[in-house]
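First comes the structure, then the notes that go with it.
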Amino acid sequence: MGENKQKDYSDLSIYHYIGNRVKHYWARYILMIITISVSVSVLTTILSLLFGLYNSEIEILPYNYEFFRVRLSVNQAEALARWLLTAAGLIVISSTAAIFNTIRSSVWESRKDIGILKSIGLTNREIGKIYTIETLWVSLSSWLVGLFGGLIVSNQFLHQLFLGGDSAMFFAPSSSGFGVIIITFIITSIISIMGSHSSAVMASRQDPIAMIK
Amino acid sequence: MNDDFIKMVEVSKIYKDGNTGLTAVDSASINIPQGSMIVITGPSGSGKSTLLYLIAGLMEPTHGEVFVNGKSIYKLRDSSISRLRKETIGFVFQAFNLIPSLSALENIIASRIMDQDKRQKKAFELLDEMGLTSHKDHLPSELSGGEQQRVAIARALINDPDIILADEPTGNLDSENGEIIIRILHELNSQGKTIIVATHNPELFMAEGVQKISILDGHIEIDAGANVYGRE
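For the record, the sequence lines run as chains F and G. Per the numbering used here, residue 3 is the first one in the first sequence, and the count goes up by one each step. Per the numbering used here, residue 22 is the first one in the second sequence, and the count goes up by one each step.
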């Protein structure tokens, strides 16, 4: 009996620790996933629009282009594309900032647990590893949710805008779609690692007691 | 027996608060022999806890050096001071400081998260000694104060450290649970562990061989005849 009980706990690992945290602080993680997902959705939508304009969809612009029922000339269409590009740049910056800030404050909220782990002998590197894995796990889950939402929105928006309601391209794989997937994946991963790393560095500079109190 | 097992040389800790500073420990110099049991006493805010944190490698001093077993601990690299906290020093906090998302057993072996050997046999032995076997799966929020403190002691003992530091270990407990904790600490001392307890109730811990250090406004006074010695 005793042997069996001991075996039950042989897997107290980083993943077990993270799993317990997610179970215990589920509301915090749901909020975090929602925040990051929304940011990823916005990123996905805006990048899809840009890719759409500059790839296959742009070809229809010079001939019979309508933007909210206003017929545009080639010059006007190009001006619209430039405007969208500028707006996209700003949105990309604010979305990545939102993801970075969410990750950072999430790790920072765990500073008491980090302080306890430090006080019982874990190194800064070990703690950094735990929280980087946790952050990547949460942010990549959020990326999947956000990507799905963003692709639905952007496809709907794109076909309404450019194809007059023809649903042929809805969810159809395209080079634009793959580009958006890869770019949002890279942005989310890099920002998550930067966010958790910067918090871990900030935490490591403090005495354990300063973090626990 | 190492007479300089724990040595503090002119150690000060000043807490900065804006432009002002509060001196919690002022030029403390003490030597604590291996295997002794020391009670640090003094009123609230006198610097007892700070002194323990400094010895435990949990808080860098503003001035001075702390040696444990001959090593100046604040000159060690992060990995070395972490190993010291893990293997040589066990710390028991007044507020327990258990990780809320982990069960009692998981809290006890939390320092082994990254290790292959989780020391589960030892953890179960400690749970048994602390009378907590039936509570092993309980979260800290499901345990009483006394039970949480016993989990915290078991956590401090999991790596079989030579030094146990306890900050007001009975401070949040009723008298019955307090007596259990005091008995456990005396038993550990009789097994050769160096025990240092910060408390404002020294009489609870005093017994034959237990030595007392008083601290007031960051200044240390050592009782005459004590084996612990300070420097002028």
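Here a beta-carbon is modelled for each residue, glycine too, at the ideal position from N, C-alpha and C.
Identity of the residues DSSP links to residue i by a beta bridge
i        : result
Ser235/G : Thr62/G and Glu242/G
Asp195/G : Asp195/G pairs with nothing; no bridge assigned.
Ile48/F  : DSSP output for Ile48/F lists no bridge partner at all.
Ala187/G : Val113/G and Val218/G
Lys107/G : Answer is none; Lys107/G lacks a bridge partner.
Ser93/G  : Phe88/G
Distance CB(residue i)-CB(residue j) smaller than 8 Å
i        : j        : result
Gly78/G  : Ile102/G : yes
Leu186/G : Ile217/G : yes
Ile35/F  : Ser143/F : yes
Ile116/F : Ile129/F : yes
Thr104/F : Thr37/F  : yes
Ile6/G   : Ile61/G  : With chain G covering 22 to 253 only, the question about residue 6/G has no answer from this structure.
Ile179/G : Val89/G  : no
Ala274/G : Leu148/G : A question about residue 274/G goes unanswered here, because the residues of chain G that appear run from 22 up to 253.
Ser206/F : Asn126/F : yes
Ser50/F  : Val182/F : yes
Ala90/F  : Leu52/F  : yes
Leu75/G  : Val32/G  : yes
Pro182/G : Thr109/G : yes
Thr46/F  : Ser156/F : yes
Ser41/F  : Gly151/F : no
Ala125/G : Leu153/G : yes
Pro82/G  : Lys37/G  : no
Phe112/G : Ser97/F  : no
Ile59/G  : Gln232/G : yes
Gly20/G  : Leu194/G : The displayed coordinates of chain G run from 22 to 253. Any statement about residue 20/G would go beyond what the structure contains.
Ser67/G  : Asp238/G : yes
Ala219/G : Ser70/G  : yes
Lys107/G : Gly123/F : yes
Leu138/F : Ile195/F : yes
Limits of the unbroken beta strand (DSSP E) element including residue i
i        : result
Asn52/G  : Thr41 to Ile53
Gly85/G  : His84 to Val89
Phe112/G : Ile110 to Val113
Asp38/G  : Ile27 to Asp38
Nearest neighbour of residue i, chosen from the options [CA to CA]
i        : options                                   : result
Lys114/F : Lys25/F, Val182/F, Ser201/F and Gly21/F   : Ser201/F
Ser132/G : Glu80/F, Glu136/F, Tyr133/F and Ile16/F   : Ile16/F
Val147/F : Lys131/F, Ile20/F and Val44/F             : Val44/F
Asp24/G  : Thr215/G, Ser124/G, Asp181/G and Ile203/G : Thr215/G
Lys139/G : Glu150/G, Asp149/G and Glu127/G           : Glu127/G
Glu150/G : Met227/G, Gly230/G and Glu168/G           : Glu168/G
His221/G : Arg171/G, Ser65/G and Asp38/G             : Ser65/G
Ile236/G : Gly63/G, Asp183/G and Asn198/G            : Gly63/G
Leu33/F  : Ile192/F, Val94/F and Ile101/F            : Ile101/F
Leu87/F  : Gln158/F, Ser141/F and Ile48/F            : Ile48/F
Leu225/G : Ile241/G, Ile243/G, Gly192/G and His156/G : Gly192/G
Lys25/F  : Glu80/F, Lys215/F, Ile184/F and Val140/F  : Val140/F
Asp99/G  : Ile214/F, Lys215/F, Gln208/F and Met213/F : Gln208/F
Bounding residues of the alpha helix (DSSP H) (the contiguous stretch that carries residue i)
i        : result
Thr220/G : Not the alpha helix (DSSP H): Thr220/G falls in the beta strand (DSSP E), residues Thr215 to Thr220.
Lys215/F : No alpha helix (DSSP H) contains Lys215/F, which DSSP labels as neither H nor E.
Ser121/F : Arg113 to Ser121
Tyr124/G : The amino acid occupying residue 124/G in the given sequence is Ser; Tyr does not appear at that position. It is not in any alpha helix (DSSP H) - Ser124/G carries neither H nor E in the DSSP assignment.
Ala77/G  : Lys69 to Ala77
Ile134/G : Careful: Ile134/G lies outside any alpha helix (DSSP H) and carries neither H nor E.
Tyr17/F  : Ile16 to His26
Asp149/G : Gln141 to Glu150
Ile174/G : Gly166 to Leu178
Where residue i falls, given that 16 or more other Cβ within 10 Å makes a residue buried
i        : result
Lys142/G : exposed
Trp145/F : buried
Ala144/G : buried
Gln212/G : exposed
Ile188/F : exposed
Tyr19/F  : buried
Ser57/G  : buried
Gly276/F : The structure shown does not extend to residue 276/F, since chain F is modelled only from 3 to 215, so the question has no answer here.
Ala170/F : Bear in mind that the predicted position of Ala170/F carries a pLDDT of just 43, short of 50, making it unreliable; the figure below should be weighed with that in mind. Per the 10 Å Cβ criterion, exposed.
Ala270/G : Past the edges of chain G, shown from 22 to 253, lies residue 270/G, and the structure says nothing about it.
Gly42/G  : exposed
Glu136/F : buried
Ile192/F : exposed
Glu163/G : exposed
Ile95/F  : exposed
Asn52/G  : buried
Asp188/G : buried
Ala99/F  : exposed
Leu153/F : buried
Ala2/G   : No answer is possible for residue 2/G: it lies beyond the span of chain G, which begins at 22 and ends at 253.
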